[in-house]
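Numbering (the numbering used here), first residue to last: 242 to 370. Data first, discussion second: the structure below is written as structure tokens.
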């Protein structure tokens, strides 16, 4: 398995971890019966709880872009040092992004998001060459 696919798996693992944190939070704050229900009549999340939800949504959006490009690079045999570096930059940036987004650190969040986009561009570069 090449580094790009390993980084894709790491991103999926990060998404799983964040979803587990979100689910645990729901049980702790809402109670098991409400968390296990449809959650239609709960108050809107605020503060770090809202930021956690938005960080997860943002990670979902990023992985939807990163995944097909990574798989295409793998299937077409286009993996190289640049694509590997791009995948690593993407994962590192997404880890930082989800942490600082949840904590509410605006400028670092934006830098991390931008680094993630640069990582995607590097990882997908052979597809447009």
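From the three backbone atoms N, C-alpha and C, an ideal C-beta is built for every residue, glycine too.
How about residue i: is its C-beta nearer than 8 Å to some C-beta of chain C?
{"i": "residue 329", "result": "Within the model displayed, chain C is absent; a lone protein chain is all it includes."}
Roughly how many whole angstroms lie between the Cα atoms of residue i and residue j?
{"i": "residue 369", "j": "residue 306", "result": "15 Å"}
{"i": "residue 253", "j": "residue 282", "result": "30 Å"}
{"i": "residue 264", "j": "residue 291", "result": "13 Å"}
{"i": "residue 361", "j": "residue 271", "result": "37 Å"}
{"i": "residue 353", "j": "residue 316", "result": "28 Å"}
{"i": "residue 322", "j": "residue 297", "result": "29 Å"}
{"i": "residue 332", "j": "residue 275", "result": "34 Å"}
{"i": "residue 273", "j": "residue 260", "result": "16 Å"}
{"i": "residue 293", "j": "residue 280", "result": "17 Å"}
{"i": "residue 341", "j": "residue 257", "result": "18 Å"}
{"i": "residue 288", "j": "residue 312", "result": "36 Å"}
{"i": "residue 285", "j": "residue 269", "result": "16 Å"}
{"i": "residue 337", "j": "residue 295", "result": "14 Å"}
{"i": "residue 355", "j": "residue 278", "result": "37 Å"}
{"i": "residue 343", "j": "residue 318", "result": "37 Å"}
Within a Cβ cutoff of 8 Å, which residues of the same chain sit near residue i, ignoring the five residues on either side of it in sequence?
{"i": "residue 310", "result": "361, 364, 365, 368"}
For residue i, which residues from the same chain have a beta carbon less than 7 Å from its beta carbon, with the 5 sequence-adjacent residues on both sides left out?
{"i": "residue 267", "result": "276"}
{"i": "residue 320", "result": "243, 245, 314"}
{"i": "residue 335", "result": "252, 255, 300, 303, 357"}
{"i": "residue 248", "result": "328, 329, 331, 332"}
{"i": "residue 308", "result": "249"}
{"i": "residue 359", "result": "330"}
Near residue i, what residues of its chain come up, given a Cβ to Cβ distance below 6 Å and the 5 sequence neighbours on each side ignored?
{"i": "residue 324", "result": "245, 314, 364"}
Would the region 318-330 count as touching the region 340-349 if we require 3 or more Cβ pairs under 8 Å? Counting Cβ pairs under 8 Å, fewer than three are found: no touch.
Ordered list of alpha helix (DSSP H) runs contained in the region 251-318, each at least 4 residues: Correct list: 273-277, 288-316.
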